[in-house]
Amino acid sequence: MNKFWATFGLTYKSKVKSKSFIIFMAIVIILMIALSNADKIMDMFKGDGDQIGIVTNSEPIYKAIKQQGNVIDEDASFKKVNKQEAKKQVKNEKLKEAYIIKLKDKQQLSATIISKESVSQEKEQKVNGVLTSIQSKLVASQLHFNNNDLKKLQSQSKVDSQVLSDKKNQQLNEGQKLLNLVLVYAILMLMFFIVFNYATQVAMEIATEKTSRVIEMIITSVSPITHIMAKIAGVIAVALTQIVMIVVVAIICIFAFDLKRMLKGFDVSMSHITWQVLIVGLLCMIIGILTYVLLAAILGSLATRIEDINQTLMPLTLFAMIAFYIAIFSMFKPEILLIKITSFIPFLAPFELLVRAQSTELQIWEIIVSILISVVVMLILLWIAVKTYKDSVLTFEKGLFNTIKKVMKK
(Lines of atoms letter the chains of each structure in order from A; the text may use other names.)
(Lines give C-alpha, C1' and ligand atoms only; values in the text may rest on other atoms or scores of the structure.)
Protein backbone atom coordinates (compact mmCIF):
# COMPACT_ATOMS: atom_id res chain seq x y z
CA MET A 1 0.00 0.00 0.00
CA ASN A 2 2.94 2.34 0.70
CA LYS A 3 4.14 1.82 -2.88
CA PHE A 4 0.68 2.77 -4.16
CA TRP A 5 0.68 6.06 -2.21
CA ALA A 6 4.27 6.79 -3.23
CA THR A 7 3.39 6.44 -6.94
CA PHE A 8 0.11 8.30 -6.41
CA GLY A 9 1.86 11.19 -4.64
CA LEU A 10 4.57 11.44 -7.28
CA THR A 11 2.01 11.55 -10.10
CA TYR A 12 -0.24 14.03 -8.29
CA LYS A 13 2.55 16.44 -7.29
CA SER A 14 4.18 16.43 -10.72
CA LYS A 15 0.86 17.30 -12.39
CA VAL A 16 -0.22 19.98 -9.90
CA LYS A 17 3.19 21.68 -10.04
CA SER A 18 3.36 21.60 -13.84
CA LYS A 19 3.30 24.90 -15.75
CA SER A 20 0.29 23.85 -17.83
CA PHE A 21 -1.83 23.24 -14.69
CA ILE A 22 -0.85 26.57 -13.08
CA ILE A 23 -1.32 28.61 -16.27
CA PHE A 24 -4.69 26.99 -17.08
CA MET A 25 -6.05 27.54 -13.55
CA ALA A 26 -4.77 31.14 -13.50
CA ILE A 27 -6.58 31.86 -16.80
CA VAL A 28 -9.82 30.20 -15.61
CA ILE A 29 -9.80 32.07 -12.26
CA ILE A 30 -9.09 35.43 -13.96
CA LEU A 31 -11.92 34.81 -16.46
CA MET A 32 -14.35 33.83 -13.68
CA ILE A 33 -13.52 36.96 -11.65
CA ALA A 34 -13.78 39.12 -14.79
CA LEU A 35 -17.19 37.66 -15.73
CA SER A 36 -18.41 38.14 -12.14
CA ASN A 37 -17.55 41.83 -12.46
CA ALA A 38 -18.78 42.22 -16.04
CA ASP A 39 -21.22 44.99 -15.08
CA LYS A 40 -18.49 47.00 -13.30
CA ILE A 41 -16.05 46.53 -16.20
CA MET A 42 -18.69 47.69 -18.69
CA ASP A 43 -19.41 50.77 -16.54
CA MET A 44 -15.69 51.64 -16.56
CA PHE A 45 -15.66 51.86 -20.35
CA LYS A 46 -18.97 53.72 -20.56
CA GLY A 47 -17.55 56.87 -18.98
CA ASP A 48 -19.97 59.66 -18.09
CA GLY A 49 -22.35 58.90 -20.93
CA ASP A 50 -22.81 60.50 -24.35
CA GLN A 51 -24.63 63.69 -25.26
CA ILE A 52 -27.32 63.87 -27.92
CA GLY A 53 -28.37 67.17 -29.45
CA ILE A 54 -32.03 68.03 -30.15
CA VAL A 55 -32.81 70.60 -32.86
CA THR A 56 -36.38 71.91 -32.58
CA ASN A 57 -38.23 75.22 -32.30
CA SER A 58 -40.79 73.71 -29.94
CA GLU A 59 -39.92 73.67 -26.24
CA PRO A 60 -42.72 71.14 -25.36
CA ILE A 61 -41.40 68.71 -28.00
CA TYR A 62 -37.84 69.05 -26.66
CA LYS A 63 -39.05 68.40 -23.09
CA ALA A 64 -41.11 65.40 -24.23
CA ILE A 65 -38.11 63.87 -26.04
CA LYS A 66 -35.87 64.52 -23.04
CA GLN A 67 -38.45 62.90 -20.75
CA GLN A 68 -38.56 59.74 -22.91
CA GLY A 69 -34.84 59.83 -23.71
CA ASN A 70 -34.04 56.64 -21.79
CA VAL A 71 -36.04 54.73 -24.42
CA ILE A 72 -33.62 55.94 -27.11
CA ASP A 73 -30.37 55.72 -25.10
CA GLU A 74 -30.49 55.16 -21.34
CA ASP A 75 -26.88 56.33 -20.83
CA ALA A 76 -27.12 59.55 -22.87
CA SER A 77 -28.03 63.07 -21.84
CA PHE A 78 -29.93 65.46 -24.11
CA LYS A 79 -29.39 69.15 -24.81
CA LYS A 80 -31.07 71.65 -27.10
CA VAL A 81 -28.92 73.06 -29.92
CA ASN A 82 -29.48 74.78 -33.27
CA LYS A 83 -28.88 73.11 -36.62
CA GLN A 84 -25.42 74.58 -37.26
CA GLU A 85 -24.17 73.77 -33.75
CA ALA A 86 -25.52 70.24 -34.07
CA LYS A 87 -23.55 69.50 -37.25
CA LYS A 88 -20.40 71.17 -35.93
CA GLN A 89 -20.45 69.40 -32.54
CA VAL A 90 -21.21 65.99 -34.09
CA LYS A 91 -18.27 66.49 -36.47
CA ASN A 92 -16.00 67.47 -33.53
CA GLU A 93 -17.35 64.49 -31.54
CA LYS A 94 -18.69 66.73 -28.77
CA LEU A 95 -22.10 65.22 -29.51
CA LYS A 96 -22.63 61.52 -30.17
CA GLU A 97 -25.43 62.39 -32.59
CA ALA A 98 -28.16 64.99 -33.14
CA TYR A 99 -31.86 64.79 -34.03
CA ILE A 100 -33.33 67.50 -36.25
CA ILE A 101 -37.05 67.47 -35.42
CA LYS A 102 -39.55 69.09 -37.79
CA LEU A 103 -43.22 69.71 -37.03
CA LYS A 104 -45.24 69.59 -40.24
CA ASP A 105 -48.87 70.37 -40.92
CA LYS A 106 -51.53 68.36 -39.12
CA GLN A 107 -49.17 67.90 -36.14
CA GLN A 108 -46.96 65.36 -37.95
CA LEU A 109 -43.37 64.95 -36.72
CA SER A 110 -40.32 63.93 -38.74
CA ALA A 111 -36.69 63.57 -37.70
CA THR A 112 -33.26 63.45 -39.31
CA ILE A 113 -30.49 61.73 -37.34
CA ILE A 114 -27.03 63.30 -37.79
CA SER A 115 -24.12 61.03 -36.90
CA LYS A 116 -20.49 60.36 -37.88
CA GLU A 117 -21.22 56.63 -38.00
CA SER A 118 -23.94 54.70 -39.77
CA VAL A 119 -27.19 54.69 -37.79
CA SER A 120 -28.62 51.28 -36.96
CA GLN A 121 -32.17 50.36 -37.86
CA GLU A 122 -32.82 49.69 -34.18
CA LYS A 123 -31.90 53.30 -33.29
CA GLU A 124 -34.19 54.63 -36.04
CA GLN A 125 -37.04 52.51 -34.69
CA LYS A 126 -36.48 53.80 -31.15
CA VAL A 127 -36.51 57.45 -32.27
CA ASN A 128 -39.56 56.74 -34.43
CA GLY A 129 -41.34 55.15 -31.46
CA VAL A 130 -40.72 58.18 -29.21
CA LEU A 131 -41.82 60.65 -31.92
CA THR A 132 -44.95 58.59 -32.67
CA SER A 133 -45.91 58.75 -29.00
CA ILE A 134 -45.40 62.54 -28.91
CA GLN A 135 -47.26 62.95 -32.21
CA SER A 136 -50.25 61.01 -30.85
CA LYS A 137 -50.46 63.39 -27.90
CA LEU A 138 -50.25 66.44 -30.19
CA VAL A 139 -53.04 65.13 -32.45
CA ALA A 140 -55.15 64.19 -29.43
CA SER A 141 -54.69 67.69 -28.02
CA GLN A 142 -55.77 69.22 -31.34
CA LEU A 143 -58.88 67.01 -31.39
CA HIS A 144 -59.60 67.95 -27.76
CA PHE A 145 -59.14 64.40 -26.45
CA ASN A 146 -58.54 64.09 -22.74
CA ASN A 147 -55.94 61.75 -21.19
CA ASN A 148 -58.45 58.93 -20.66
CA ASP A 149 -59.49 59.00 -24.33
CA LEU A 150 -55.83 58.96 -25.37
CA LYS A 151 -55.07 55.99 -23.10
CA LYS A 152 -57.99 54.07 -24.61
CA LEU A 153 -56.71 54.78 -28.13
CA GLN A 154 -53.17 53.72 -27.25
CA SER A 155 -54.18 50.64 -25.25
CA GLN A 156 -53.06 47.35 -26.77
CA SER A 157 -54.84 44.04 -26.91
CA LYS A 158 -53.63 41.49 -24.36
CA VAL A 159 -52.09 38.18 -25.46
CA ASP A 160 -50.96 35.53 -22.98
CA SER A 161 -50.02 31.87 -23.25
CA GLN A 162 -50.92 28.66 -21.49
CA VAL A 163 -48.47 25.73 -21.53
CA LEU A 164 -50.06 22.31 -21.15
CA SER A 165 -47.57 20.31 -19.09
CA ASP A 166 -47.74 17.53 -16.51
CA LYS A 167 -45.18 19.43 -14.43
CA LYS A 168 -46.39 22.39 -12.45
CA ASN A 169 -44.46 25.55 -11.64
CA GLN A 170 -41.64 24.54 -13.98
CA GLN A 171 -42.11 27.03 -16.77
CA LEU A 172 -39.02 29.22 -17.21
CA ASN A 173 -38.77 32.79 -18.43
CA GLU A 174 -36.27 33.85 -21.11
CA GLY A 175 -33.72 35.13 -18.58
CA GLN A 176 -33.67 31.80 -16.72
CA LYS A 177 -33.37 29.84 -19.98
CA LEU A 178 -30.46 32.04 -21.09
CA LEU A 179 -28.58 31.51 -17.81
CA ASN A 180 -29.07 27.73 -18.00
CA LEU A 181 -27.90 27.67 -21.62
CA VAL A 182 -24.76 29.68 -20.80
CA LEU A 183 -23.96 27.37 -17.86
CA VAL A 184 -24.41 24.24 -20.00
CA TYR A 185 -22.13 25.68 -22.69
CA ALA A 186 -19.45 26.71 -20.16
CA ILE A 187 -19.48 23.33 -18.35
CA LEU A 188 -19.49 21.49 -21.68
CA MET A 189 -16.41 23.33 -22.95
CA LEU A 190 -14.61 22.93 -19.61
CA MET A 191 -15.46 19.22 -19.42
CA PHE A 192 -14.28 18.55 -22.99
CA PHE A 193 -10.96 20.28 -22.33
CA ILE A 194 -10.32 18.56 -18.97
CA VAL A 195 -11.42 15.10 -20.20
CA PHE A 196 -9.39 15.27 -23.40
CA ASN A 197 -6.37 16.81 -21.69
CA TYR A 198 -6.04 14.28 -18.86
CA ALA A 199 -6.99 11.27 -20.98
CA THR A 200 -4.24 12.17 -23.45
CA GLN A 201 -1.75 12.71 -20.61
CA VAL A 202 -2.45 9.26 -19.11
CA ALA A 203 -2.09 7.52 -22.47
CA MET A 204 1.12 9.41 -23.29
CA GLU A 205 2.71 8.69 -19.91
CA ILE A 206 1.95 4.97 -20.01
CA ALA A 207 3.11 4.68 -23.63
CA THR A 208 6.29 6.69 -22.91
CA GLU A 209 7.20 4.55 -19.88
CA LYS A 210 6.60 1.38 -21.84
CA THR A 211 8.40 2.33 -25.05
CA SER A 212 11.41 3.83 -23.25
CA ARG A 213 11.92 0.60 -21.24
CA VAL A 214 11.51 2.60 -18.00
CA ILE A 215 8.75 0.19 -17.10
CA GLU A 216 11.30 -2.62 -16.73
CA MET A 217 12.86 -0.74 -13.81
CA ILE A 218 9.47 0.26 -12.34
CA ILE A 219 7.99 -3.24 -12.18
CA THR A 220 11.03 -4.57 -10.33
CA SER A 221 9.92 -2.46 -7.32
CA VAL A 222 6.16 -2.00 -7.92
CA SER A 223 3.65 -4.51 -9.29
CA PRO A 224 2.03 -3.52 -12.63
CA ILE A 225 -1.45 -3.44 -11.04
CA THR A 226 -0.34 -1.13 -8.21
CA HIS A 227 1.50 1.12 -10.66
CA ILE A 228 -1.39 1.55 -13.12
CA MET A 229 -3.96 2.01 -10.34
CA ALA A 230 -1.83 4.66 -8.60
CA LYS A 231 -1.17 6.50 -11.86
CA ILE A 232 -4.87 6.55 -12.84
CA ALA A 233 -5.88 7.62 -9.31
CA GLY A 234 -3.25 10.37 -9.34
CA VAL A 235 -4.45 11.86 -12.62
CA ILE A 236 -8.11 11.64 -11.55
CA ALA A 237 -7.19 13.37 -8.26
CA VAL A 238 -5.56 16.21 -10.22
CA ALA A 239 -8.69 16.60 -12.38
CA LEU A 240 -10.91 16.60 -9.27
CA THR A 241 -8.61 19.19 -7.66
CA GLN A 242 -9.13 21.37 -10.71
CA ILE A 243 -12.92 20.98 -10.46
CA VAL A 244 -12.92 21.72 -6.70
CA MET A 245 -10.83 24.86 -7.26
CA ILE A 246 -13.25 26.08 -9.94
CA VAL A 247 -16.28 25.38 -7.69
CA VAL A 248 -14.65 27.20 -4.74
CA VAL A 249 -13.81 30.22 -6.92
CA ALA A 250 -17.39 30.22 -8.28
CA ILE A 251 -18.83 30.22 -4.72
CA ILE A 252 -16.48 33.05 -3.70
CA CYS A 253 -17.51 35.06 -6.78
CA ILE A 254 -21.22 34.55 -6.02
CA PHE A 255 -20.94 35.96 -2.49
CA ALA A 256 -17.99 38.36 -2.81
CA PHE A 257 -19.15 40.15 -5.97
CA ASP A 258 -22.93 39.90 -5.40
CA LEU A 259 -23.49 37.86 -8.56
CA LYS A 260 -27.26 37.70 -8.02
CA ARG A 261 -27.49 41.50 -8.24
CA MET A 262 -25.42 41.52 -11.43
CA LEU A 263 -27.60 38.83 -13.03
CA LYS A 264 -30.69 40.81 -12.05
CA GLY A 265 -29.16 43.84 -13.79
CA PHE A 266 -28.89 41.80 -17.00
CA ASP A 267 -32.49 40.58 -16.51
CA VAL A 268 -31.20 37.06 -15.83
CA SER A 269 -32.24 34.99 -12.81
CA MET A 270 -31.58 31.56 -11.30
CA SER A 271 -34.21 28.82 -11.05
CA HIS A 272 -34.51 25.26 -9.74
CA ILE A 273 -33.36 24.07 -13.18
CA THR A 274 -30.15 26.11 -12.75
CA TRP A 275 -29.29 24.01 -9.69
CA GLN A 276 -30.16 20.88 -11.67
CA VAL A 277 -27.69 21.96 -14.39
CA LEU A 278 -24.94 22.61 -11.81
CA ILE A 279 -25.39 19.30 -9.92
CA VAL A 280 -25.78 17.16 -13.06
CA GLY A 281 -22.88 19.05 -14.66
CA LEU A 282 -20.60 18.22 -11.72
CA LEU A 283 -21.60 14.53 -11.82
CA CYS A 284 -21.18 14.37 -15.60
CA MET A 285 -17.73 15.95 -15.39
CA ILE A 286 -16.56 13.38 -12.80
CA ILE A 287 -18.04 10.47 -14.79
CA GLY A 288 -16.57 11.78 -18.05
CA ILE A 289 -13.09 12.13 -16.55
CA LEU A 290 -13.17 8.64 -15.00
CA THR A 291 -14.52 6.97 -18.16
CA TYR A 292 -12.12 8.58 -20.63
CA VAL A 293 -9.05 8.32 -18.38
CA LEU A 294 -9.66 4.58 -17.95
CA LEU A 295 -10.12 4.15 -21.71
CA ALA A 296 -6.93 6.15 -22.30
CA ALA A 297 -5.04 3.89 -19.87
CA ILE A 298 -6.17 0.83 -21.85
CA LEU A 299 -5.18 2.35 -25.19
CA GLY A 300 -1.89 3.70 -23.84
CA SER A 301 -0.87 0.27 -22.55
CA LEU A 302 -1.53 -1.22 -26.01
CA ALA A 303 0.86 1.20 -27.75
CA THR A 304 4.24 -0.31 -28.62
CA ARG A 305 5.81 2.84 -30.08
CA ILE A 306 5.35 6.45 -29.04
CA GLU A 307 4.87 7.33 -32.73
CA ASP A 308 1.70 5.19 -32.77
CA ILE A 309 0.03 6.94 -29.82
CA ASN A 310 -2.18 9.19 -32.00
CA GLN A 311 -3.40 6.20 -33.99
CA THR A 312 -3.95 4.23 -30.78
CA LEU A 313 -6.00 7.08 -29.27
CA MET A 314 -8.24 7.33 -32.34
CA PRO A 315 -11.23 5.50 -30.71
CA LEU A 316 -11.08 7.85 -27.71
CA THR A 317 -10.85 10.90 -29.97
CA LEU A 318 -13.83 9.74 -32.04
CA PHE A 319 -15.98 9.08 -28.96
CA ALA A 320 -15.11 12.49 -27.47
CA MET A 321 -15.69 14.41 -30.73
CA ILE A 322 -19.00 12.66 -31.49
CA ALA A 323 -20.26 13.27 -27.94
CA PHE A 324 -19.14 16.91 -28.00
CA TYR A 325 -20.66 17.80 -31.37
CA ILE A 326 -23.98 16.06 -30.66
CA ALA A 327 -24.14 18.10 -27.44
CA ILE A 328 -23.22 21.39 -29.15
CA PHE A 329 -25.74 20.99 -31.99
CA SER A 330 -28.52 19.89 -29.60
CA MET A 331 -28.08 22.64 -26.99
CA PHE A 332 -31.09 24.62 -28.21
CA LYS A 333 -33.26 21.48 -28.51
CA PRO A 334 -32.46 19.33 -25.45
CA GLU A 335 -35.65 17.27 -25.79
CA ILE A 336 -35.05 15.74 -29.24
CA LEU A 337 -34.95 11.94 -29.55
CA LEU A 338 -31.24 11.79 -30.49
CA ILE A 339 -30.13 13.50 -27.28
CA LYS A 340 -32.49 11.33 -25.19
CA ILE A 341 -31.07 8.08 -26.62
CA THR A 342 -27.40 9.13 -26.48
CA SER A 343 -27.77 10.26 -22.84
CA PHE A 344 -27.90 6.54 -21.93
CA ILE A 345 -24.96 5.45 -24.12
CA PRO A 346 -21.60 5.14 -22.28
CA PHE A 347 -18.89 7.61 -23.39
CA LEU A 348 -21.61 9.86 -24.87
CA ALA A 349 -23.78 10.08 -21.74
CA PRO A 350 -21.68 12.62 -19.73
CA PHE A 351 -22.01 15.22 -22.51
CA GLU A 352 -25.61 14.52 -23.56
CA LEU A 353 -27.02 14.22 -20.02
CA LEU A 354 -25.56 17.65 -19.27
CA VAL A 355 -27.41 19.14 -22.25
CA ARG A 356 -30.66 17.48 -21.12
CA ALA A 357 -30.21 18.94 -17.62
CA GLN A 358 -31.50 22.33 -18.86
CA SER A 359 -34.83 20.75 -19.83
CA THR A 360 -37.81 20.61 -17.48
CA GLU A 361 -38.72 17.25 -19.04
CA LEU A 362 -35.69 15.42 -17.57
CA GLN A 363 -36.81 12.87 -14.96
CA ILE A 364 -34.85 11.84 -11.85
CA TRP A 365 -34.96 8.17 -12.87
CA GLU A 366 -33.33 9.04 -16.22
CA ILE A 367 -30.41 10.71 -14.41
CA ILE A 368 -30.00 7.71 -12.07
CA VAL A 369 -30.19 5.11 -14.88
CA SER A 370 -27.72 7.04 -17.06
CA ILE A 371 -25.24 7.38 -14.18
CA LEU A 372 -25.60 3.70 -13.17
CA ILE A 373 -24.90 2.54 -16.75
CA SER A 374 -21.81 4.75 -16.85
CA VAL A 375 -20.62 3.43 -13.45
CA VAL A 376 -20.99 -0.20 -14.63
CA VAL A 377 -18.99 0.63 -17.78
CA MET A 378 -16.32 2.34 -15.64
CA LEU A 379 -15.92 -0.78 -13.48
CA ILE A 380 -15.58 -2.91 -16.64
CA LEU A 381 -13.01 -0.46 -18.05
CA LEU A 382 -11.08 -0.53 -14.77
CA TRP A 383 -10.89 -4.34 -14.90
CA ILE A 384 -9.81 -4.25 -18.57
CA ALA A 385 -7.24 -1.51 -17.86
CA VAL A 386 -5.62 -3.51 -15.05
CA LYS A 387 -5.64 -6.75 -17.07
CA THR A 388 -4.38 -5.09 -20.27
CA TYR A 389 -1.59 -3.23 -18.50
CA LYS A 390 -0.48 -6.31 -16.56
CA ASP A 391 -0.46 -8.52 -19.68
CA SER A 392 1.01 -5.99 -22.13
CA VAL A 393 3.51 -4.23 -19.89
CA LEU A 394 6.45 -6.10 -21.40
CA THR A 395 4.88 -6.70 -24.82
CA PHE A 396 6.69 -4.91 -27.62
CA GLU A 397 4.97 -6.41 -30.66
CA LYS A 398 4.94 -4.19 -33.72
CA GLY A 399 1.46 -2.93 -34.56
CA LEU A 400 -1.61 -2.30 -32.44
CA PHE A 401 -3.53 -5.37 -33.62
CA ASN A 402 -0.58 -7.69 -32.95
CA THR A 403 -0.40 -6.34 -29.38
CA ILE A 404 -4.15 -6.83 -28.85
CA LYS A 405 -3.92 -10.38 -30.25
CA LYS A 406 -1.07 -11.26 -27.90
CA VAL A 407 -2.82 -9.73 -24.86
CA MET A 408 -6.05 -11.60 -25.62
CA LYS A 409 -4.19 -14.92 -25.70
CA LYS A 410 -2.91 -14.44 -22.13
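Using the UniProt record's numbering, read the sequence shown as starting at 1 and increasing by one per residue. Heads up, the beta-carbon is just placed ideally off N, CA and C, and yes, glycines get one too.
Buried versus exposed, by CB contacts within 10 Å (16 or more), residue i
{"i": "asparagine 180", "result": "buried"}
{"i": "glycine 9", "result": "exposed"}
{"i": "threonine 56", "result": "buried"}
{"i": "phenylalanine 332", "result": "exposed"}
{"i": "glycine 129", "result": "exposed"}
{"i": "lysine 3", "result": "exposed"}
{"i": "leucine 316", "result": "buried"}
{"i": "phenylalanine 329", "result": "exposed"}
{"i": "alanine 98", "result": "buried"}
{"i": "threonine 132", "result": "exposed"}
{"i": "proline 60", "result": "exposed"}
Whether residue i touches residue j by CB criterion (8 Å)
{"i": "lysine 116", "j": "glutamate 93", "result": "yes"}
{"i": "valine 277", "j": "leucine 348", "result": "no"}
{"i": "isoleucine 298", "j": "threonine 208", "result": "no"}
{"i": "serine 223", "j": "isoleucine 287", "result": "no"}
{"i": "phenylalanine 192", "j": "alanine 320", "result": "yes"}
{"i": "isoleucine 228", "j": "alanine 385", "result": "yes"}
{"i": "isoleucine 72", "j": "valine 90", "result": "no"}
{"i": "leucine 313", "j": "alanine 203", "result": "yes"}
{"i": "isoleucine 134", "j": "alanine 64", "result": "yes"}
{"i": "valine 355", "j": "isoleucine 367", "result": "no"}
{"i": "tyrosine 62", "j": "lysine 80", "result": "yes"}
{"i": "alanine 296", "j": "alanine 199", "result": "yes"}
{"i": "methionine 32", "j": "alanine 230", "result": "no"}
{"i": "isoleucine 206", "j": "glycine 300", "result": "yes"}
{"i": "phenylalanine 78", "j": "isoleucine 54", "result": "yes"}
{"i": "serine 118", "j": "glutamine 176", "result": "no"}
{"i": "glutamine 51", "j": "lysine 88", "result": "no"}
Bridge partner(s) assigned by DSSP for residue i
{"i": "lysine 79", "result": "Gly53"}
First through last residue of the alpha helix (DSSP H) which encompasses residue i
{"i": "leucine 109", "result": "Careful: leucine 109 lies outside any alpha helix (DSSP H), inside the beta strand (DSSP E) at 109 to 115."}
{"i": "proline 224", "result": "224 to 256"}
{"i": "threonine 317", "result": "314 to 329"}
{"i": "glutamate 59", "result": "59 to 67"}
{"i": "arginine 356", "result": "349 to 356"}
{"i": "aspartate 128", "result": "Reading off the sequence shown, one finds asparagine at residue 128, where the question assumed aspartate. Taken as a continuous stretch (DSSP letters only), the alpha helix (DSSP H) holding asparagine 128 covers 121 to 142."}
{"i": "methionine 25", "result": "19 to 36"}
{"i": "isoleucine 298", "result": "272 to 302"}
First through last residue of the beta strand (DSSP E) which encompasses residue i
{"i": "residue 417", "result": "Only positions 1 to 410 of the chain appear in this structure, which leaves residue 417 out of reach."}
- Do the segment 11 to 19 and the segment 227 to 243 touch if we need at least three Cβ pairs shorter than 8 Å? yes
- Are there three or more Cβ pairs, one per stretch, closer than 8 Å when the segment 32 to 42 is compared with the segment 97 to 106? no
- Query: Given 8 Å as the limit, is there contact between the segment 282 to 299 and the segment 350 to 365, that is, 3 or more CB pairs closer than that?
  - Reply: yes
- Query: For the 8 Å Cβ check, are there 3 or more pairs between the segment 237 to 256 and the segment 17 to 37?
  - Reply: yes
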